[in-house]
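My numbering runs 344 ahead of the 1-based position in the sequence shown.
Positions of the beta carbon are idealized from the N, C-alpha and C atoms, including for glycine.
Since the structure is predicted, the reported quantities are computational estimates derived from the model, not experimental observations.
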Amino acid sequence: MSITLLSSPLQGFTDFRFRNAFHHFFGGIDTYYSPYIRLDGKLVIKPNYQTDILPKNNNTLDVIPQIMTNDADEFIFVVKFIQQFGYKELNWNLGCPYPMVVNRCMGSGLIAEPERIKKILERVHSETDIVVSMKMRMGYHHAEEILDVLPILDNFPLKNLAIHARIGKQLYKGGVDLESFQRSLDATKHKMYYNGDITTVEAFRALQRRFPSIDHWMIGRGILADPFLAQMIKDDTEQYPEDAVEVFFKYHDTLFDEFLVKLKGEKHVIQKMSSYWEYLQNGWLQEETRIIKKLRKSKSIDEYTGHLAILTENLYDI
Ligand SMILES: Cc1cc2nc3c(=O)[nH]c(=O)nc-3n(C[C@H](O)[C@H](O)[C@H](O)COP(=O)(O)O)c2cc1C
345 MSITLLSSPL
355 QGFTDFRFRN
365 AFHHFFGGID
375 TYYSPYIRLD
385 GKLVIKPNYQ
395 TDILPKNNNT
405 LDVIPQIMTN
415 DADEFIFVVK
425 FIQQFGYKEL
435 NWNLGCPYPM
445 VVNRCMGSGL
455 IAEPERIKKI
465 LERVHSETDI
475 VVSMKMRMGY
485 HHAEEILDVL
495 PILDNFPLKN
505 LAIHARIGKQ
515 LYKGGVDLES
525 FQRSLDATKH
535 KMYYNGDITT
545 VEAFRALQRR
555 FPSIDHWMIG
565 RGILADPFLA
575 QMIKDDTEQY
585 PEDAVEVFFK
595 YHDTLFDEFL
605 VKLKGEKHVI
615 QKMSSYWEYL
625 QNGWLQEETR
635 IIKKLRKSKS
645 IDEYTGHLAI
655 LTENLYDI
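Structure follows, in structure tokens:
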């Protein structure tokens with residue numbers, strides 16, 4: 345069975361700079377979801393959101409924008425906004441677990457409100473011709489919440505449901521709940537995508553064996569921790585490319601240069617890169633934790649470059 349891999353959005357990480365660099369150097373991802381667009385009580389789109397989805401910034405990528413809202417007017421406003429750039433689909437985030445969001449009945453806090461979900465979808469489908477897909481957890485407090493939502497969703501022409509197999513209360517802790525994912529799969533007529541903890545080729549294979557009917561898989565943190573993962577899954581191999589280190593540093597330098605231009609001040613660039621290194625040091629580069637810790641604490645670009653040179657030497661020695 346041929347599979348489709350989708351990059352699950354990570355606010356603060358998977359912006360257009362990352363997506364372009366990732367796609368160019370690593371590949372393996374078919375479609376990228378951009379991090380959510382959220383309005384602040386007014387029908388105004390922040391410039392950063394716009395930059396992130398502008399076609400000229402995504403001209404080699406297949407991108408689906410995402411919204412996080414609990415309000416039909418906001419939803420419709422964002423539909424019109426993205427349609428002017430030619431987008432045909434908007435993904436709706438009902439997964440975000442953070443208290444600030446959940447307490448306002450958004451993200452995974454909205455899952456327990458099926459009637460509200462229904463009213464929003466009714467208006468969006470009667471007032472626009474956008475294709476809607478959804479990304480959700482299975483609930484906030486418990487994994488049965490979704491079971492009251494799925495029958496309602498069956499009445500709408502959604503493109504798909506992507507489910508992160510956790511509940512909101514868990515944040516990112518604990519394991520994924522595969523039994524509850526299976527129960528959700530059995531309770532919907534919609535096309536389902538799986539999301540959650542695809543971190544290695546072996547983990548992917550185990551999930552594929554467990555859910556043989558799933559052919560769309562969303563990977564979030566996994567490709568930050570191991571940027572080769574998506575292509576290795578596609579190639580069905582656990583073998584890294586021979587030029588992995590070289591490719592990785594070309595990717596690093598591209599991203600680094602982009603952030604040098606975008607962010608003002610060395611400190612901000614190092615901070616930004618540090619957030620990517622945190623995933624890498626727990627993933628593909630976990631043997632190099634010591635030097636990466638130093639790199640992340642660098643006080644200047646000179647210092648950063650020095651640590652980077654040591655890391656490069658270490659990796660070429662492998
Ligand atoms: C820092 C961070 C930011 C995230 N931002 C978003 C977002 O903007 N939209 C969204 O749908 N999910 C967001 N997520 C959730 C991920 O897309 C994904 O669903 C989750 O991490 C589980 O998948 P994974 O185990 O493959 O990472 C975010 C997760 C993290 C850790």
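- DSSP places residue 399 in the helix class (H, G or I) of the three-state scheme.
- A contact between stretches requires three or more CB pairs, one per stretch, nearer than 8 Å, and the segment 472–489 meets this requirement with the segment 424–434.
- Here the alpha carbon of residue 398 sits roughly 13 Å from the alpha carbon of residue 363.
- Rounded to whole angstroms, residue 453 and residue 375 show a C-alpha spacing of 27 Å.
- Under DSSP, residue 436 shares a beta bridge with 411, 478.
- Ligand 1 has no heavy atom closer than 8 Å to the beta-carbon of residue 518.
- DSSP places residue 621 within a helical segment (H, G or I) once states are collapsed to three.
- The closest heavy atom of ligand 1 lies less than 8 Å from the beta carbon of residue 508.
- In this structure, the beta-carbon distance from residue 595 to residue 370 falls below 9 Å.
- The straight-line gap separating the alpha-carbon atoms of residue 647 and residue 480 is approximately 42 Å.
- Taking C-beta separations shorter than 6 Å and ignoring five residues to either side along the sequence, residue 444 has no partners in its chain.
- Looking only at 463, 395, 391, the smallest Cα-Cα distance to residue 415 is reached by 463.
- Proximity of the beta carbon of residue 542 to ligand 1 is indicated: a heavy atom of the ligand is located closer than 8 Å.
- A Cβ-Cβ distance of about 38 Å is found for the pair residue 366 and residue 495, leaving them out of contact under the 8 Å criterion.
- Residue 563 is bridged by DSSP to 351.
- Contact annotation, residue 577 with residue 548: C-beta distance approximately 5 Å; criterion of less than 8 Å satisfied.
- Residue side-chain check: residue 357 places its Cβ nearer than 8 Å to a non-hydrogen atom of ligand 1.
- Residue 535 sits close to residue 504, with the two beta carbons spaced by under 9 Å.
- In the structure shown, residue 380 adopts extended strand secondary structure according to DSSP, grouped into three states.
- Placement of the Cβ of residue 477 at a distance of 8 Å or more from every heavy atom of ligand 1 is found.
- Residue pairing for residue 536: DSSP places it in a beta bridge opposite 505.
- Taking residue 348 as reference, the option from 385, 422, 574, 436 with the minimal CA-CA separation is 574.
- Beta-bridge analysis with DSSP links residue 358 to no other residue.
- Between ligand 1 and residue 614, a heavy atom-to-CB distance of less than 8 Å is absent.
- Distance from the CA of residue 407 to the CA of residue 587, rounded to the nearest whole angstrom, comes to 28 Å.
- At least one heavy atom of ligand 1 lies closer than 8 Å to the C-beta of residue 354.
- Remark: the shortest separation between the CB of residue 566 and any heavy atom of ligand 1 falls under 8 Å.
- Residue 501 is classed as exposed because its beta carbon has fewer than 16 other beta carbons within 10 Å across all chains shown.
- Residue range 588–606 is occupied by the alpha helix (DSSP H) that includes residue 597.
- In this structure, residue 387 sits near residue 421, with a CB-CB distance shorter than 9 Å.
- Placement of the Cβ of residue 563 at a distance of less than 8 Å from at least one heavy atom of ligand 1 is found.
- Taking the Cβ atoms as the reference, residue 563 lies roughly 5 Å from residue 542, within the contact range of under 8 Å.
- Annotation for residue 617 indicates a beta carbon at 8 Å or more from all heavy atoms of ligand 1.
- The beta carbon of residue 603 sits closer than 6 Å to the beta carbons of 613, 616 from its chain, once the five residues preceding and following it are set aside; these are given in chain order.
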